[in-house]
Structure formats: structure tokens, C-alpha cells
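One rule links them: number in our numbering = place in the sequence shown (from 1) + 46.
Below is one structure, written out as C-alpha cells; the observations come after it.
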Amino acid sequence: MDYYLNNVIYSVVVTVSIILNIIVFLIKSVVDRFLGGRKQLPPGPRGFPIIGNLVGMLKNRPTSKWIVRVMSDMKTDIACFRFGRVHVIVTTSDVIAREVVREKDAVFADRPDSYSAEYISGGYNGVVFNEYGERQKKMKKVMSSELMSTKALNLLLKVRNLESDNLLAYVHNLYKKDESKTKNGVVVNVRDIVCTHTHNVKMRLLFGRRHFKETTMDGSLGLMEKEHFDAIFKALDCFFSFYVADYYPFLRGWNLQGEEVELREAVDVIARYNKMIIDEKIELWRGENKNCYRTEKKNDVSVIKDWLDILFTLKDENGKPLLTPQEITHLSVDLDVVGIDNAVNVIEWTLAEMLNQKELLEKAVEEIDMVVGKDRLVQESDVPNLNYVKACCRETLRLHPTNPFLVPHMARHDTTLAGYFIPKGSHILVSRPGVGRNPKTWDEPLIYRPERHITGNEVMLTEPDLRLVSFGTGRRGCVGAKLGTSMIVTLLGRLLQGFDWTLPPGTTDKVELVESKENLFMANPLMACVKPRLDPNIYPKLWIGPA
47 MDYYLNNVIY
57 SVVVTVSIIL
67 NIIVFLIKSV
77 VDRFLGGRKQ
87 LPPGPRGFPI
97 IGNLVGMLKN
107 RPTSKWIVRV
117 MSDMKTDIAC
127 FRFGRVHVIV
137 TTSDVIAREV
147 VREKDAVFAD
157 RPDSYSAEYI
167 SGGYNGVVFN
177 EYGERQKKMK
187 KVMSSELMST
197 KALNLLLKVR
207 NLESDNLLAY
217 VHNLYKKDES
227 KTKNGVVVNV
237 RDIVCTHTHN
247 VKMRLLFGRR
257 HFKETTMDGS
267 LGLMEKEHFD
277 AIFKALDCFF
287 SFYVADYYPF
297 LRGWNLQGEE
307 VELREAVDVI
317 ARYNKMIIDE
327 KIELWRGENK
337 NCYRTEKKND
347 VSVIKDWLDI
357 LFTLKDENGK
367 PLLTPQEITH
377 LSVDLDVVGI
387 DNAVNVIEWT
397 LAEMLNQKEL
407 LEKAVEEIDM
417 VVGKDRLVQE
427 SDVPNLNYVK
437 ACCRETLRLH
447 PTNPFLVPHM
457 ARHDTTLAGY
467 FIPKGSHILV
477 SRPGVGRNPK
487 TWDEPLIYRP
497 ERHITGNEVM
507 LTEPDLRLVS
517 FGTGRRGCVG
527 AKLGTSMIVT
537 LLGRLLQGFD
547 WTLPPGTTDK
557 VELVESKENL
567 FMANPLMACV
577 KPRLDPNIYP
587 KLWIGPA
């Protein structure tokens, strides 16, 4: 009887809450229309009363691609989509994007509240998704001054070099072990190779090791690592989805679109594996593990093996730990999620474009042979001189961006953008493909032409003028652009230097350059033939132990 009564009470409370929220939304909508009706919002598709463009959002998945199509049909570089009471302002213009992150950076420095951002960051305890304030400034300072500082990057260069060597060793071993090789080499899955490498690098940087528990001797990802990696990409896909509950917060927890459960499961996998290593680290730093290989003094630089070690050594002005174990766990999830997809997407699309335009591949290899030669391997120190290789990466970031938008911004108060009225609380989205493929900015924007980025100066992957969106800029910009550039260019340089690349036997003379329906990755993993092009003694041996 009590159980039945409790269920009835719960149902009544939920129903009353929904009705009250709808009434509040109606009242606020009427008031907003009456008070702000004369202020001109950016153009946008017609919507319904109360719900706005919510039907279009739900009917057209992924919503990110629908938004860009609508704007293209409307022939506008800025548009307003209304989801419930929330105005979502989207731009495909570099000029307007600069206004967002440069001219009015302080006004748009906030992040909107969303279910995915809150869950990924553990209640906004990370750095990427926090609202603009003291906590966000504290965590960003940790990222920029500690983890991404020149000192830290130099300290962990050995780790990155080791995994660059392991990359060549891994692909070389695939070639040697495959008995079905032809005169063009063996067929490999490029996406699988790059995913393996990027996850290994991230694991080394963050945790100081490749594996959570069981070690795979062939250099591939183990079962735990695959689950961890897949969870990272699932969390990213969920973040760039559009949830009804983000615009009607009282619906959170109902899992109306099924994606809340997907997100929770993915983030829980990431956090669970991360916490397993973090707990081990806590014991090590407390000196509880007497048999640990760490015998150095804790104030000795040599004790720093990874980012976790750096985070554990940070102290506040009173000499107490700057970050709690919980904050470190949430920050580790942020570090996992941010940037790992960029390298995978850039390398796969770049190699695909090169296989379709063999003259691009030849130019890139020729540059590497001239700058580096064949007697040593590409190093991060070579990156400044590999301008054509960087131009190819930059062109990929322009034409084939990794994500549909920059991480959303939010208006902290009423303001204007491109001359239009922008209400407080509006979500601001800068479309990566929209900006990179805008014909007002780029000549023949759908043609892959790396030469457009070579102007006589050193080619950079960053773009302060936002004619393409490679890394975020402004107050909420990406602090890891230097590391990201080095990793992407070194990775591509090693693959081009170490191997000849051709299309698999029996395929057409072109790679099918088609985007996935769900995101901006290639619809199908890139398959290609590889054959070693260096002296066999140049290829490193695989090393999966401690750096």
C-alpha cells in the first residue's frame, strides 16, 4: 500500500512540476515578446509558439548538419534558431566569429549549461565546460602554466618521441607479419593505426603508461584501452548532439532521446578506468607502495613522469594540495576528451586526399626527404620547417574539420552581434565547416588545395583570424594548440617518411571522400597499402614498457 501511495505521490509531483514549468515558460515568452519585440534578432527559420524550432531539431538528426543546410538555403552567415526559450545563434562567417571570440570575447566568455557538459566535467569540475569564473580561471591556469608549459612539454618530449618510434615499429610489424603482401605492400586500416597511436600518446602523457592492466605485446590496444577509446568518441558524439533537456532542464533524467544513458555509460567508463590509475598514483605519492620504482625525492624533477605527477605536486599559497583527487579525476576526463579526435580525423582525411591527388603526396614526401632525409626520423623539432606538410594538415582542418562547432559560448548579458540583438543567455555556435567552406572567404572552397596556405611565411595550424577553425581562441581558447600541432604534423610526417602509400588492389583509382551521416569523419575507415621506403635498420623496435 505504501509503495503504491509513494508512486502516486511521485507521479502527481512530476506532473504538477511539468505543468508549472510550462506555465512559467508561457509567461516568460509573452513578456519577452512584449518587451523585446522591436529588437531585431538574426534571421532564422519559422518556428512554432512556445517550442520554436524544436520539431526541426528532433526531426533532422544530426541537428548540426541540418542547421548548416538551413543557413545555406537562407543564404545567411548568421541565424537564430529558437529551441524552447533558448536562442541559439549560429554563424558561418569568419568576420562574425572574430567578433565573438575577439572583439566581444568577455561578453561571450560563458558556457551554456547542458546535460552532456555537466556530466562529462563531473559537475563542472574540469576546465573546458565550466562557466566563466574563478574555478574556470584556476583550472585553465593549471592547464596553461603547468601541463602545457614549455617546461612540461620539454619534460615529456621523451614520452612523445617513444610513441612516435612505436608508431613506425607498429606499422612496420604489420607489414612484416602479413603474408598476403603484394608488390605494393600490405593493406592496413589507417583509422585503426592512428587511433592506436593517439590513445597511446594520451595514456603516456596523462598516466605514464600505455595500458590500464594487461599489456598487449604487439603494440595494439587491449580490450580495456579499446573500451576507453570508444567511450571517449561516444562522449564527444553525445556532446555535439542537441538534447531537448538542454532547453527544457526539467526534463533531465527522463532520457527522452536515449542519449542520456549513452552519455552516462561512456563517461562512467572513462572515469572508472582513469580513477583506477589515479588511485594507484595517490598511493605512490603517499609513499604507501614501498616496492614502487619511484625512489626519487618528491621535489626532484626526475620524479615527474606524466601529467598526473604534475597535478599531484601542485600546492596552493598555504602549501596544501591545489587540487583534490576528485578534481584531478574530472580534469583527467577533460584531458581525455579534448583533442584526441583531431589527430585521427586530420590524418585520415589528409591521406585520403593525397591518395586521390598523388602529386600532393609526392610534394609532401619530397619536402620530408629534403628537410629530414632518410638517415634519421622526423622529430618535433622538424615541424617548423615542414611547411608543405603543415599546409596539407591546415587544408584538411579547413575542408574536413573534426567537429561541427567550437565548444558553445553564451552571452553573459544582452548585446549585439553583426548588428543584431542577442539576448542574455543566448547560445553562440561557430560552425567549423561553415566557416572553412564559406565561398566569401575562400576561392573554390570545396577543392582541396594546400598551396592556398603557403604565403611565404611559416605555415601555422592555428588561425587567429578564424578563416578556418583549427583550435579555439580567445578567453576560452585551446591552450594545447602547440602540442596538438606537434603531434599531428609529426604523426603525418612519420607515416609519409616511413612508408609508400597506395590504394589497395582491386579498388577504383579514387578514395570515396564521403562524410559519415552521424559526424564529420569519413563514412568508412580509410584502407591503404603501405610498403617500407627506408633502410630496415632505421625502423625502431617496439617498446611498451616505461619511458
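Note that beta-carbon positions come from the ideal geometry of N, C-alpha and C, so glycine has one too.
- For residue 133, the enclosing beta strand (DSSP E) covers residues 132-137.
- DSSP places residue 415 inside the alpha helix (DSSP H), whose first and last residues are 404-417.
- Beta-bridge annotation (DSSP): residue 468 is paired with 461.
- Apart from sequence neighbours up to five positions away, the residues of its chain that approach residue 113 with a beta-carbon distance below 6 Å are 136, ordered along the chain.
- Straight-line measurement puts the Cα of residue 543 at about 53 Å from the Cα of residue 98.
- Annotation: the continuous alpha helix (DSSP H) that includes residue 185 extends over 180-188.
- The C-beta distance from residue 173 to residue 576 rounds to 38 Å, too long to meet the 8 Å contact threshold.
- The way I'd put it, the segment 458-465 doesn't touch the segment 480-490; fewer than three beta-carbon pairs between them come closer than 8 Å.
- Note on geometry: alpha-carbon atoms of residue 283 and residue 108 lie some 10 Å from one another.
- Note on geometry: alpha-carbon atoms of residue 375 and residue 324 lie some 7 Å from one another.
- Residue 123 sits buried, since 16 or more C-beta atoms from the chains shown fall within 10 Å of its C-beta.
- DSSP places residue 284 in the uninterrupted alpha helix (DSSP H) bounded by 269-285.
- The alpha-carbon separation between residue 378 and residue 506 amounts to approximately 28 Å.
- The shortest C-alpha to C-alpha distance from residue 523 to any of 90, 218, 547, 175 is the one to 175.
- Below 8 Å, too few C-beta pairs join the segment 403-410 and the segment 551-567 to call them touching: fewer than three.
- Here the C-alpha atom of residue 131 lies approximately 24 Å from the C-alpha atom of residue 166.
- Between the segment 348-359 and the segment 141-160, the count of Cβ pairs shorter than 8 Å is below three; the stretches do not touch.
- Taking the C-beta atoms as reference points, residue 213 is found nearer than 7 Å to residue 540.
- Around the beta carbon of residue 502, fewer than 16 other beta carbons sit within 10 angstroms, so the residue counts as exposed.
- In the structure shown, residue 477 adopts extended strand secondary structure according to DSSP, grouped into three states.
- In summary, residue 240 is buried, with 16 or more beta-carbon neighbours lying within 10 Å of its beta-carbon over all protein chains present.
- Counting only runs of at least 3 residues, the segment 78-121 fully encloses no beta strand (DSSP E) element at all.
- Counted as a single uninterrupted DSSP element, the beta strand (DSSP E) harbouring residue 233 occupies residues 232-235.
- The beta carbon of residue 307 sits closer than 8 Å to those of 301, all from its chain and outside the five residues before and after it, given in chain order.
- DSSP places residue 371 in the uninterrupted alpha helix (DSSP H) bounded by 371-383.
- Put simply, the segment 254-270 does not touch the segment 444-452. Fewer than three CB pairs are less than 8 Å apart.
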